[in-house]
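Structure record follows, encoded as structure tokens.
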């Protein structure tokens, strides 16, 4: 376990020694004595938070509602900067799940989350409380990661896959870091635009154009955290100019690029996730077009 220090933030962070059995799934462990109104910065993955121990995190949502304990949220959690996490003596395993495998892992499409932070018990019932108890009974972070990974691998194997055409389109968006032209995606998979847009939204939880914006923003935000200037980041990541980057960052976070560059939620990625940015993708073969 390593200590992450960034401004007033002091967190203990644990990382798995082995990669997940499931491609497209990454996790990290956190122990935070005093989590003070952490801004949730949008990320192109489904976020699954499994809490345990004596403390309990609280997520203050844009709607004014509060969610406590283990939660799940679809891609883009925190858009607009109105979602904050806080709590004392927080211990949790945070999992980032590629939208391509989220329906199988969760047992529900990310679209069913409707952009909200949802108690895990609403999806998993008693299994959510059982996993909390089992995580709390373990003393080793590696054992917690192994338990979590085994559970999610079983769910993934038993769950329904997304259409290969949808998976391919997501892969193209991610691999291009949000620079692919969405109008060409349907032609690449041999579907009509209307069909791809409908299936993509219903299975992954956001439309293709929103996915492109989110992936591009995520890449740009991590470059800002790394200390690169906004003008250079805008030029290299597909924005028309620095003002375009500024508007997009404000829309996603409610803050300026300079403020986002100092966000602990992003800065911790170098410790918690060795390859910051978009969650790793499973291998996706190109769909065969009819004819």
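Numbering (the working numbering), first residue to last: 12 to 302. Backbone N, C-alpha and C define an ideal beta-carbon position, used for all residues, glycine too.
Just measuring C-alpha positions, the residue of 146, 211, 145 and 185 sitting nearest residue 175 is 211. Within the stretch 42 to 101, the complete beta strand (DSSP E) segments at least 3 residues long are 57 to 63, 69 to 71, 77 to 79 and 82 to 84, listed from N- to C-terminus. The criterion of a C-beta distance shorter than 8 Å is satisfied by residue 101 and residue 66.
Its Cα nearest to that of residue 22, the residue 41 stands out among 166, 32 and 41. Under a 10 Å Cβ-count criterion, residue 283 is classified as buried, with 16 or more other Cβ atoms of the shown protein chains found around its own Cβ. When beta bridges are read from the DSSP output, residue 22 appears opposite 15.
By the Cβ neighbour-count rule, residue 182 is buried, with 16 or more other Cβ atoms within 10 Å of its own. If you check the CB distance, residue 79 and residue 51 do not come in under 8 Å. Counting along the chain, residue 177 sits inside the alpha helix (DSSP H) bounded by residues 175 to 186.
The closest CA to that of residue 229, considering only 14, 199, 218 and 245, is found on 245.
Closest by C-alpha distance to residue 99, out of 132, 63 and 46, is 46. With 16 or more other Cβ atoms inside 10 Å of its own Cβ, residue 274 counts as buried. Here DSSP, grouped into helix, strand and coil, assigns residue 244 to helix. Of the residues assessed, residue 247 falls on the exposed side of the cut-off, its CB having fewer than 16 other CB atoms within 10 angstroms.
In the DSSP assignment, residue 130 falls within the beta strand (DSSP E) that extends over 128 to 130.
Residue 32 carries a coil assignment under DSSP once its states are collapsed to helix, strand and coil. DSSP lists 38 and 59 as the bridge partner or partners of residue 106. In this structure, residue 116 keeps its C-beta atom at 8 Å or more from the C-beta atom of residue 128. Spanning the alpha carbons of residue 258 and residue 276 requires a straight line of approximately 20 Å.
In the DSSP assignment, residue 280 falls within the unbroken alpha helix (DSSP H) covering 280 to 283. Residue 202 and residue 112 have their alpha carbons spaced roughly 21 Å apart.
When the five nearest sequence neighbours on each side are left out, no beta carbon in the same chain lies closer than 7 Å to the beta carbon of residue 251. A contact is defined here as three or more CB-CB pairs under 8 Å, and the stretch 132 to 152 fails this definition with respect to the stretch 213 to 232.
Nearest in C-alpha terms to residue 86, of all of 222, 237, 240 and 93, is 222. Residue 54 counts as buried, since no fewer than 16 other beta carbons sit within 10 angstroms of its beta carbon.
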